[in-house]
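Q: Chains as they are written, first to last, in numbering that gives the first Met the number 0: chain A, 0 to 153; chain B, 0 to 153; chain C, 0 to 153.
Idealized CB from N, CA, C, for every residue including glycine.
Just so it is clear, the structure is predicted and the values come from calculations on it, not from any experiment.
First the structure, which I've put down as structure tokens, then a few questions once you've had a look.
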Amino acid sequence: MSVDERLNRMQIQLPEPANPVGLYKPSIIINKTLHISGQIPIVNGELKYSGKVGFDISLDEVGNAIEVSVLNAIAIAKFTLDGDLERITGVPRLRVYINSIDTFTDHATAANTASQLLLDIFGDIGIHSRSAVGVSSLPLNAPVEVELDFAINS
Amino acid sequence: MSVDERLNRMQIQLPEPANPVGLYKPSIIINKTLHISGQIPIVNGELKYSGKVGFDISLDEVGNAIEVSVLNAIAIAKFTLDGDLERITGVPRLRVYINSIDTFTDHATAANTASQLLLDIFGDIGIHSRSAVGVSSLPLNAPVEVELDFAINS
Amino acid sequence: MSVDERLNRMQIQLPEPANPVGLYKPSIIINKTLHISGQIPIVNGELKYSGKVGFDISLDEVGNAIEVSVLNAIAIAKFTLDGDLERITGVPRLRVYINSIDTFTDHATAANTASQLLLDIFGDIGIHSRSAVGVSSLPLNAPVEVELDFAINS
Numbered sequence: 000m001s002v003d004e005r006l007n008r009m010q011i012q013l014p015e016p017a018n019p020v021g022l023y024k025p026s027i028i029i030n031k032t033l034h035i036s037g038q039i040p041i042v043n044g045e046l047k048y049s050g051k052v053g054f055d056i057s058l059d060e061v062g063n064a065i066e067v068s069v070l071n072a073i074a075i076a077k078f079t080l081d082g083d084l085e086r087i088t089g090v091p092r093l094r095v096y097i098n099s100i101d102t103f104t105d106h107a108t109a110a111n112t113a114s115q116l117l118l119d120i121f122g123d124i125g126i127h128s129r130s131a132v133g134v135s136s137l138p139l140n141a142p143v144e145v146e147l148d149f150a151i152n153s
Numbered sequence: 000m001s002v003d004e005r006l007n008r009m010q011i012q013l014p015e016p017a018n019p020v021g022l023y024k025p026s027i028i029i030n031k032t033l034h035i036s037g038q039i040p041i042v043n044g045e046l047k048y049s050g051k052v053g054f055d056i057s058l059d060e061v062g063n064a065i066e067v068s069v070l071n072a073i074a075i076a077k078f079t080l081d082g083d084l085e086r087i088t089g090v091p092r093l094r095v096y097i098n099s100i101d102t103f104t105d106h107a108t109a110a111n112t113a114s115q116l117l118l119d120i121f122g123d124i125g126i127h128s129r130s131a132v133g134v135s136s137l138p139l140n141a142p143v144e145v146e147l148d149f150a151i152n153s
Numbered sequence: 000m001s002v003d004e005r006l007n008r009m010q011i012q013l014p015e016p017a018n019p020v021g022l023y024k025p026s027i028i029i030n031k032t033l034h035i036s037g038q039i040p041i042v043n044g045e046l047k048y049s050g051k052v053g054f055d056i057s058l059d060e061v062g063n064a065i066e067v068s069v070l071n072a073i074a075i076a077k078f079t080l081d082g083d084l085e086r087i088t089g090v091p092r093l094r095v096y097i098n099s100i101d102t103f104t105d106h107a108t109a110a111n112t113a114s115q116l117l118l119d120i121f122g123d124i125g126i127h128s129r130s131a132v133g134v135s136s137l138p139l140n141a142p143v144e145v146e147l148d149f150a151i152n153s
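Right under this line is the structure:
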């Protein structure tokens, strides 16, 4: 099944690729790797979720915020690859930065939302290594920032 | 001297590769790079060190926690490379995330434990670039998380 | 225009490459990528800016601190490339770690200083993806740490 077919079956419509919040590019291809700038849960130009995990925002909401961020990354990938997500051949690393209070410990549950979505959308190609850390603050008070690189076939 | 010979001489026995705490892979090989998921100081399935550096846990203990995390990463590398650590040709970057209080400043001493261990085990091949940062929280309240990529020969 | 010509026109003199604060290398070349260790605003061996953004140090000063850190990274690149910055063909990713209070939200303004400087110095080659996060502490109480990889032509 193609990535587009999986997205259709999951009834996921990728958003318009979000503009960067700053003087950088949403993505850049170098040496057969598509580097996606850190993504926060922006929807239609507005931050949909905000606040500190464990204080302002629940673990469930964080999961939703992470899904939005991952879809933003995939939307940018699709745009950069001229619509052809089949050019993606692998996901070397997923990094999830969680804007958390000091006593937060459940990074795995939060980051699993991103991992599951990658596996659901890309199948075996979505298998990845992962790092998840809690940070003291994120741009615009986002609860999460997701960083993805994609390996591509040319 | 081979990496295995160095490990023997240092009387280091690599642990069983730890299972990921989540829906991701311990490692993935893409484009001649072995990406190891972020490692925390888990021993036999249990977190051996925990807490915030500068508050719950001393700098010495953090050094031990970092060593355990690095050995976990190398154990995963060995498993992924079918037991042959000689396939490793370089260490592009070591990232050390330290779960620290706001006033912690001695990231270098802590991260040096990881750097020294890489040099002792891999010799010249273990020479690496490094980044060390303090974070507000880590999975399971781990005091450190170590992120390593290895360049491999095929 | 060459990178050196741009630096001249901007009246920027690159510093001596700073020594690492620890047992690692300032840089390493692996697979046509020049990995630069995390850079903090050290000038002549001394940390020029310190403290927590939003508490000890203003956004303007952080901008200056980031510029110093980026120039330190470029100085190391130049040294590693035997003086020839023309060997740089791209900037896959810029990571800016900001030592911030929990309520800091303006990572973009701070990190834009780094992005603008890369574009000014490298032109189109300086176009990059970016991630900016707030961290709880940094080595020596630095307000920022800048992490850069450069793609090179051989």
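Strictly under 8 Å for the Cβ-Cβ distance: is residue 102 of chain B near chain A by that measure?
A: By this cut-off, residue 102 of chain B is not an interface position.
Q: Roughly how many angstroms separate the alpha carbons of residue 109 of chain C and residue 41 of chain A, rounded to a whole number?
A: Rounded to the nearest angstrom, the two C-alpha atoms are 20 Å apart.
Q: Spell out whether any CB of chain B is found under 8 Å from the CB atom of residue 161 of chain A.
A: Outside the displayed range of chain A (0 to 153) lies residue 161 of chain A, so it cannot be described from this structure.
Q: Against chain A, does residue 32 of chain B count as a neighbour if the rule is that its beta carbon must be under 8 Å from one of theirs?
A: Judged by the 8 Å Cβ criterion, residue 32 of chain B is in contact with chain A.
Q: With distance defined between alpha-carbon atoms, name the residue in B:39, B:61, B:117 nearest to residue 24 of chain C.
A: Cα-wise, what sits closest to residue 24 of chain C is B:117.
Q: The ligand SAH and residue 7 of chain C: does any heavy atom of the ligand fall closer than 7 Å to the residue's C-beta?
A: No copy of the ligand SAH appears in this structure; indeed no ligand is present at all.
Q: Three-state secondary structure (DSSP) at residue 141 of chain B?
A: Here residue 141 of chain B sits in coil by DSSP.
Q: Leaving out five residues on either side along the sequence, give the residues of the same chain with a beta carbon under 7 Å from the beta carbon of residue 19 of chain A.
A: Result list for residue 19 of chain A: 25, 36, in chain order.
Q: If we count the other Cβ atoms within 10 Å of its Cβ and call it buried at 16 or more, is residue 152 of chain A buried or exposed?
A: Label assigned to residue 152 of chain A: exposed.
Q: Just to confirm, are residue 91 of chain A and residue 34 of chain B a CB contact at a threshold of 8 Å?
A: Against a cut-off of 8 Å, the Cβ pair of residue 34 of chain B and residue 91 of chain A comes out as a contact.
Q: I'd like to confirm the pairing. Which residues does DSSP put opposite residue 136 of chain C in its beta bridges?
A: DSSP output for residue 136 of chain C lists B:133 as bridge partner(s).
Q: Determine the chain C residues that contact residue 96 of chain A at a beta-carbon separation under 7 Å, and present them in chain order.
A: 132, listed in chain order.
Q: Residues of chain A with CB under 8 Å from residue 118 of chain C, in chain order?
A: Here the neighbours are 22.
Q: Using a Cβ cut-off of 8 Å (strictly closer), state whether residue 51 of chain A contacts chain C.
A: True, the Cβ-Cβ gap to chain C drops below 8 Å.
Q: Short check: CB of residue 154 of chain B to CB of residue 138 of chain B, under 8 Å?
A: Only positions 0 to 153 of chain B appear in this structure, which leaves residue 154 of chain B out of reach.
Q: Output the distance between the C-alpha atoms of residue 39 of chain B and residue 12 of chain C, rounded to the nearest integer angstrom.
A: About 42 Å.
Q: Kindly list the residues whose CB is nearer than 8 Å to the CB of residue 74 of chain C, restricted to its own chain and excluding five residues on each side of it in sequence; keep chain order.
A: Taken in chain order, the residues that qualify are 13, 14, 15, 16, 17.
Q: Determine which residues of the stretch 45 to 78 of chain C have a Cβ less than 8 Å from any Cβ of chain B, and write them out in chain order.
A: So the close ones are 51.
Q: Counting pairs of Cβ atoms below 8 Å between the stretch 51 to 69 of chain C and the stretch 94 to 107 of chain A, do you hit three or more?
A: Not touching, per the Cβ criterion.
Q: Could you give the residue range of the alpha helix (DSSP H) that holds residue 79 of chain C?
A: Element bounds for residue 79 of chain C: 58 to 79.
Q: Give the range of the alpha helix (DSSP H) segment to which residue 32 of chain B is assigned.
A: Per DSSP, residue 32 of chain B belongs to no alpha helix (DSSP H); it is in the beta strand (DSSP E), 32 to 38.
Q: In whole angstroms, what is the alpha-carbon distance linking residue 135 of chain C and residue 99 of chain B?
A: Going from the Cα of residue 135 of chain C to the Cα of residue 99 of chain B covers about 7 Å.
Q: For my contact list, residue 79 of chain A and residue 29 of chain A are in at a C-beta cut-off of 8 Å; report their separation, rounded to the angstrom.
A: Contact flag wrong, Cβ pair sits at about 12 Å.
Q: Give the residues of chain A in contact with residue 26 of chain B, contact being defined as C-beta atoms less than 8 Å apart.
A: Here the neighbours are 128.
Q: Can you say whether residue 112 of chain B is buried or exposed, counting buried as having 16 or more other CB atoms within 10 angstroms of its CB?
A: Label assigned to residue 112 of chain B: buried.
Q: Which chain E residues are close to residue 5 of chain B, counting only those with a beta carbon under 7 Å from its beta carbon?
A: The structure shown contains no chain E; its protein chains are A, B and C.
Q: Residue 136 of chain C touches chain B at which residues, Cβ-Cβ below 8 Å?
A: Residues of chain B passing the Cβ test: 97, 99, 100, 101, 102, 103, 104, 106, 132, 133.
Q: Helix, strand or coil: which one does DSSP assign to residue 2 of chain A?
A: Helix at residue 2 of chain A.
Q: Using a beta-carbon distance below 8 Å, is residue 202 of chain C in contact with chain A?
A: The structure shown has nothing for residue 202 of chain C, since chain C only spans 0 to 153.
Q: For the alpha helix (DSSP H) that residue 116 of chain A lies in, which residues bound it at each end?
A: Counting along the chain, the alpha helix (DSSP H) containing residue 116 of chain A begins and ends at 106 to 121.
Q: Closest to residue 4 of chain A by CA distance: which of A:96, A:84, A:131 is it?
A: Among A:96, A:84, A:131, the Cα nearest to that of residue 4 of chain A belongs to A:84.
Q: Using 10 angstroms around the beta-carbon of residue 130 of chain A, count the other beta-carbons present and answer buried if the total reaches 16, otherwise exposed.
A: Classification for residue 130 of chain A: buried.
Q: Under a Cβ-count criterion, where at least 16 other Cβ atoms within 10 Å of its own Cβ denotes burial, should residue 128 of chain B be classed as buried or exposed?
A: Classification of residue 128 of chain B: buried, given that the 10 Å Cβ count is 16 or more.
Q: Looking at the unbroken beta strand (DSSP E) that takes in residue 102 of chain B, where does it start and where does it end?
A: Run containing residue 102 of chain B: none; DSSP gives neither H nor E here.
Q: Measuring only between beta-carbons, confirm whether residue 142 of chain C sits less than 8 Å from chain A.
A: With 8 Å as the cut-off, residue 142 of chain C does not count as an interface residue toward chain A.
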